[in-house]
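In terms of the working numbering, the sequence shown opens at residue 18 and continues consecutively. For glycine and all other residues, C-beta sits at the position ideal for the given N, C-alpha and C. All values reported here derive from a predicted model rather than from experimental measurement.
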Amino acid sequence: MKKNRKINIAFAGTPEIAFDIFEELSNKDFQINFILTQTDKKSGRGAQLKSSKFLEKKDIYNVLQPENLNDDDFKKIILNQNIDLLIVVAYGKILPSWLLEHPKYGCLNVHFSLLPKWRGAAPMQRAIANGDKSFGVSFMKIEEKLDAGGIYKTFSTNNHGQDIYALEEELVEITNMDLSNTIIEICSEKIIPETQEEEKATYADKIAKEEGLINWNIDSSQIFRNFLAFKRWPGCYFKLNDELVRAINIENIKTIKGNPGEISSFNKDGMIVCCNKGAINLKSVQFPGKKVISSNDFFNSKRDIIPLKENLI
18 MKKNRKINIA FAGTPEIAFD IFEELSNKDF QINFILTQTD KKSGRGAQLK SSKFLEKKDI
78 YNVLQPENLN DDDFKKIILN QNIDLLIVVA YGKILPSWLL EHPKYGCLNV HFSLLPKWRG
138 AAPMQRAIAN GDKSFGVSFM KIEEKLDAGG IYKTFSTNNH GQDIYALEEE LVEITNMDLS
198 NTIIEICSEK IIPETQEEEK ATYADKIAKE EGLINWNIDS SQIFRNFLAF KRWPGCYFKL
258 NDELVRAINI ENIKTIKGNP GEISSFNKDG MIVCCNKGAI NLKSVQFPGK KVISSNDFFN
318 SKRDIIPLKE NLI
């Protein structure tokens with residue numbers, strides 16, 4: 018690449034975590050040709066359309082929301098532009114080969130795991146739920162096979178015991194410290210990607226809504242890790258008197274024993290429910306269509322209709 022010429026980049030991303038990374042990049046000395054983000058999605062109980070935050074930038078940048086990445090009109094728009102590098106952060110769609118091949122230096126994916134571990138759609142959630150002690154970010158060259166491209170750089174952190182929100186925030190900070198420098202190095206041909214160790218690959222499947230339902234037949238430590246992992250979506254919830262109640266704040270109690278699903282105690286400090294091993298204290302909850310209530314309000318409103326030793330399974 019010629020010296021003193023701005024690097025032409027494009028960006029593909031959809032959720033807020035991608036937007037936070039784009040915001041940092043937009044303050045650097047790059048020419049941003051366009052942004053790709055997914056089309057508006059229906060969300061919530063009222064099925065209202067939820068727009069990507071990237072649409073806030075449509076007066077400044079060319080923001081594209083193609084339904085079909087192989088649409089002829091869309092292809093014409095992209096192929097008429099000179100792009101050095103396409104940066105992809107949780108875009109949510111598989112890029113076709115023509116788009117992968119168009120940028121001069123290919124496509125750089127910011128993947129929130131220490132590849133080859135946790136390839137796929139939900140690396141942070143799966144790592145938290147698995148009880149991993151190390152988390153991280155991989156800067157990867159995109160190939161057609163899912164998250165299997167060569168690695169430019171990885172960055173790790175040993176913090177654990179945090180929920181999905183805290184982990185996202187930390188990994189965004191780590192990404193923002195070096196992403197712009199990595200873009201420059203790639204476009205200056207100063208670094209090349211290293212092949213992943215295929216035999217060490219594991220996969221982070223997309224989270225299913227049903228995974229949020231608490232299974233009292235597993236250990237309390239696993240339930241607690243699921244709670245931390247699924248806070249953003251789908252949340253963790255349990256069945257109580259034919260209602261699905263969301264757990265907002267819980268405590269892992271490893272010392273209590275009892276039959277799985279059995280209410281061990283219920284008072285102003287919470288409802289303690291036994292698991293296969295250990296117990297979970299439900300400290301604040303949310304009933305369908307209601308506001309979040311504390312353990313004290315939970316007890317005062319339900320103590321007359323929830324007997325001790327009742328089984329929630």
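Quiz item: Going by DSSP, what residues sit across from LEU81 in a beta bridge?
Solution: Answer by DSSP bridge pairing, in chain order: LEU53.
Quiz item: Taking one C-beta from the segment 97-104 and one from the segment 71-78 each time, how about it: are there three or more such pairs within less than 8 Å?
Solution: A contact between stretches requires three or more CB pairs, one per stretch, nearer than 8 Å, and the segment 97-104 fails this requirement with the segment 71-78.
Self-check item: Simplified DSSP assignment, three categories, for GLY287
Solution: In the displayed model, GLY287 falls within a strand according to three-state DSSP.
Quiz item: Should the segment 286-302 be regarded as contacting the segment 226-238, the criterion being three or more beta carbon pairs within less than 8 Å?
Solution: Output reads yes: the segment 226-238 touches the segment 286-302.
Exercise. Please state if the CB of VAL106 and the CB of GLY178 are separated by a distance shorter than 8 Å.
Key: At least 8 Å separates the beta-carbon of GLY178 from that of VAL106.
Quiz item: Of the choices SER69, LYS158, ASP195, ASN44, whose alpha-carbon is the least far from that of GLN55?
Solution: Nearest option by C-alpha distance: SER69.
Practice problem: Work out the CA separation of ILE159 and GLY166 for me, nearest whole Å. | Solution: For GLY166 and ILE159, the distance between alpha carbons rounds to 5 Å.
Quiz item: When the Cα of PRO140 is compared with those of GLU185, GLU260, ASN276, GLU227, which residue comes out closest?
Solution: For PRO140, the closest of GLU185, GLU260, ASN276, GLU227 by C-alpha to C-alpha distance is GLU185.
Quiz item: What is the C-beta distance between GLY275 and ARG263, in whole angstroms, given that I count them as a contact (C-beta under 8 Å)?
Solution: A Cβ-Cβ separation of about 23 Å leaves GLY275 out of contact with ARG263 under the 8 Å criterion.
Exercise. Go through its chain and collect everything with a Cβ distance to GLU187's Cβ below 7 Å, but skip five positions before and after it.
Key: Only THR174, ASN176 meet the Cβ criterion.
Quiz prompt | Exposed unless 16 or more other CB atoms sit within 10 angstroms - verdict on ILE267 | solution = In summary, ILE267 is buried, with 16 or more beta-carbon neighbours lying within 10 Å of its beta-carbon over all protein chains present.
Exercise. Leaving out five residues on either side along the sequence, give the residues of the same chain with a beta carbon under 7 Å from the beta carbon of PHE129.
Key: These residues qualify, in order along the chain: PRO140, MET141, VAL154, LEU188.
Quiz prompt | Rounded C-alpha distance that separates ASN193 from LYS45 | solution = Whole-angstrom Cα-Cα distance: 11 Å.
Quiz item: Across which residues does DSSP place VAL106 in a beta bridge pair?
Solution: Bridge pairing for VAL106: GLY30 [DSSP].
Quiz item: Where are the alpha helix (DSSP H) runs, 4 residues long or more, that stay fully inside the segment 149-213, in chain order?
Solution: Fully enclosed alpha helix (DSSP H) runs of 4 or longer: 181-204.
Exercise. Closer than 8 Å by C-beta to ASP222: which residues in its own chain qualify, once you throw out the five before and the five after it? Chain order, please.
Key: The residues are GLY137, ALA138, ALA139, ARG143.
Quiz item: For LEU117, which three-state DSSP category applies?
Solution: Of the three classes helix, strand and coil, the one that applies to LEU117 here is helix, per DSSP.
Quiz item: Less than 8 Å separating the beta-carbons of LYS170 and THR212?
Solution: Between LYS170 and THR212, the C-beta gap is not smaller than 8 Å, which leaves the two residues out of contact.
Quiz item: Comparing the C-beta of ILE323 with each C-beta of chain C, is any distance below 8 Å?
Solution: The structure shown contains no chain C; it holds only a single protein chain.
Quiz item: In the structure shown, what three-state DSSP assignment does ASP76 receive?
Solution: ASP76: coil per DSSP, three-state reduction.
Quiz item: Across which residues does DSSP place ILE280 in a beta bridge pair?
Solution: Bridge partners of ILE280: VAL290.
Quiz item: Closest to MET271 by CA distance: which of PRO133, ASN298, LEU117, GLY123 is it?
Solution: Correcting the residue type first, residue 271 is Lys in the shown sequence and not Met. LYS271 has its Cα closest to that of ASN298, out of PRO133, ASN298, LEU117, GLY123.
Quiz item: Roughly how far, in whole angstroms, is the beta-carbon of SER312 from the beta-carbon of SER301, given that I think they are within contact range, below 8 Å?
Solution: Yes, they are in contact, since the Cβ atoms of SER312 and SER301 sit about 6 Å apart, within 8 Å.
Quiz item: Whose C-beta lies closer than 7 Å to the C-beta of PHE304 among residues of the same chain, with five residues either side of it excluded?
Solution: Shown here for PHE304: same chain residues with a beta carbon closer than 7 Å to its own, the five before and five after excluded, namely GLU260, VAL262 in chain order.
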